[in-house]
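In our numbering, the protein residues as written are 1 to 357.
Below you'll find the structure, written out as structure tokens, and then a few comments.
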């Protein structure tokens, strides 16, 4: 296969007639809704048949569907998507369904820097990134036999919380681990979990500036997660008692709750994001567009970052018509709409090559 040259493909596009393309899952409703608000065309990718769900939400229904038997068949429709001036908008399900490696090699112009996938999906590289940014993070325990405190065991890659578990010692680790899976062990941090939704624009200049002339960072919204069945455990008793009956806590995300944090923490929230962005440029050329820092705020009012998602997250879905933070930037601003705005600005400034790979 001929090497993909995004600049050459973009040069052949009709810059005033781009089509935003994503898989019909995760945050696609707000991506399509936001694109339509900005007057852009949309294409939804689905398996089997056009999802009936979108008939219920006409303002978020894509203009066209690409129906596949399997997600990897998207490779057979590359020419069609390019002929439609398509720009792929990544989200967690899109990357998971296609596979991170296949997504990185997908020969279709894609919003954001695909190099971030390698740094985001490998938890060891992720820690290198955070250390360079000076981010406060949980202590990592390399050897499970040395677990001497409550820890969270996580598998590599994005799974929506599936398979994560808490252990207090090596025996509990052995009970919970899936053999053959790559894992990471982090100290369990007590506090309140806050998922902060940011947007990094290298194109805009008005806003909270990123030192070094790297554009601005915006804080668009925040959420907490509903996770089964860990969020119901307190009603039933201690984890140890439940495990004796074969009931194990899981962290599968089933929904998202909107929230705001105390205003005095906002300076720290922006500084964290700025530092992560600056280090991303030094390590792999920058993280573009939406991202989420998944944090715990301790009783000392300090952020501890335990995860990063370098694309739009489903926690932004409560804010399709804006949030308390986004409304102070622009009324009716969702993360999906903000993505469309950035692409339109890239068109206007003839700088699409800086935000599309």
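Idealized CB from N, CA, C, for every residue including glycine.
Residue i - DSSP class collapsed to helix/strand/coil
i           : result
residue 296 : strand
residue 290 : strand
residue 26  : coil
residue 387 : A question about residue 387 goes unanswered here, because the residues of the chain that appear run from 1 up to 357.
residue 83  : helix
residue 12  : coil
residue 179 : coil
residue 40  : coil
residue 308 : strand
residue 4   : coil
residue 276 : helix
residue 257 : strand
residue 267 : helix
residue 216 : strand
residue 325 : coil
residue 192 : strand
residue 335 : helix
residue 330 : coil
residue 78  : helix
residue 64  : strand
residue 184 : strand
residue 357 : coil
residue 226 : strand
Short Cβ contact (9 Å threshold) for residue i with residue j
i           : j           : result
residue 26  : residue 94  : yes
residue 19  : residue 122 : no
residue 294 : residue 308 : yes
residue 177 : residue 152 : no
residue 88  : residue 108 : yes
residue 201 : residue 187 : no
residue 106 : residue 98  : yes
residue 269 : residue 92  : no
residue 351 : residue 30  : no
residue 82  : residue 12  : yes
residue 349 : residue 203 : yes
residue 149 : residue 140 : no
residue 119 : residue 280 : yes
residue 275 : residue 46  : no
residue 356 : residue 339 : no
residue 266 : residue 297 : no
residue 6   : residue 353 : yes
residue 137 : residue 305 : yes
residue 199 : residue 290 : yes
residue 211 : residue 278 : yes
Counted within 10 angstroms of its Cβ, other Cβ atoms place residue i as buried (16 or more) or exposed
i           : result
residue 86  : buried
residue 111 : buried
residue 33  : buried
residue 225 : buried
residue 57  : exposed
residue 272 : buried
residue 158 : Only weak support exists for where residue 158 lies, its pLDDT of 49 falling under 50; the coordinates are left without a value.
residue 235 : In this prediction, residue 235 scores a pLDDT of 41, lower than 50, which makes its location untrustworthy; the coordinate-derived value is nonetheless stated afterwards. Exposed, since its Cβ has fewer than 16 Cβ neighbours within 10 Å.
residue 256 : buried
residue 101 : exposed
residue 62  : buried
residue 14  : exposed
residue 335 : buried
residue 213 : exposed
residue 237 : With a pLDDT of 49 at residue 237, under the threshold of 50, the predicted position of this residue should be treated as unreliable, and no value is reported.
residue 232 : Unreliable positioning characterises residue 232 in this predicted model, as indicated by a pLDDT of 45, which lies under 50. The coordinate reading is nonetheless provided below. Counting Cβ neighbours within 10 Å, residue 232 comes out exposed, since fewer than 16 surround it.
residue 154 : buried
residue 43  : buried
residue 328 : exposed
residue 333 : buried
residue 36  : buried
residue 113 : buried
residue 16  : exposed
residue 48  : exposed
residue 69  : exposed
residue 124 : exposed
residue 316 : buried
residue 223 : buried
residue 331 : exposed
residue 346 : buried
residue 180 : exposed
residue 2   : Only weak support exists for where residue 2 lies, its pLDDT of 45 falling under 50; the value from the coordinates is given anyway. It counts as exposed.
Mind the definition here: the stretch 255-268 touches the stretch 315-324 only if three or more C-beta pairs lie below 8 Å; say whether that holds. Counting Cβ pairs under 8 Å, three or more are found: they touch.
Return the chain-ordered ranges of every beta strand (DSSP E) run that is complete within the stretch 85-170 and spans a minimum of 3 residues. Fully enclosed beta strand (DSSP E) runs of 3 or longer: 86-88, 151-155 and 165-167.
Any contact of the stretch 167-181 with the stretch 278-297, i.e. 3+ C-beta pairs under 8 Å? The stretch 167-181 vs the stretch 278-297: no contact.
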